[in-house]
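In the numbering used here, the protein residues as written are 92 to 151.
No residue lacks a Cβ here, since even glycine has one placed at the ideal position from N, Cα and C.
First the structure, in the form of structure tokens, and then the observations on it.
Here's what the structure looks like:
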């Protein structure tokens, strides 16, 4: 609500006011899990749209 940039999607990954969340976000493993989860969620969301012209590609 206080963001000056127009947003279509906002994901809250962790609460930096929470000690456990702060510790998690510092680890590469957690950040990778979050990134993969966001990717899968977006792919699933757009796959259901049946919109022509949407191409999803990724490197592994």
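If you check the beta carbons only, do residue 102 and residue 129 fall under 8 Å apart? In the chain shown, residue 102 corresponds to position 11, counting from 1. In the chain shown, residue 129 corresponds to position 38, counting from 1. Their beta carbons are under 8 Å apart, which means residue 102 touches residue 129 by this criterion.
Can you give me the C-alpha to C-alpha distance between residue 127 and residue 95, rounded to a whole angstrom? Position 36 of the chain shown, counted from the first residue, corresponds to residue 127. Position 4 of the chain shown, counted from the first residue, corresponds to residue 95. Distance between the alpha carbons of residue 127 and residue 95: 27 Å.
What are the boundary residues of the alpha helix (DSSP H) that includes residue 116? Residue numbering aside, residue 116 sits at position 25 when the chain shown is read from its first letter. Residues 110-116.
Apart from the five residues just before and just after residue 124, which ones in its own chain have a Cβ nearer than 7 Å to its Cβ? In the chain shown, the residue the question calls residue 124 occupies position 33. The answer is none, since no qualifying residue turns up.
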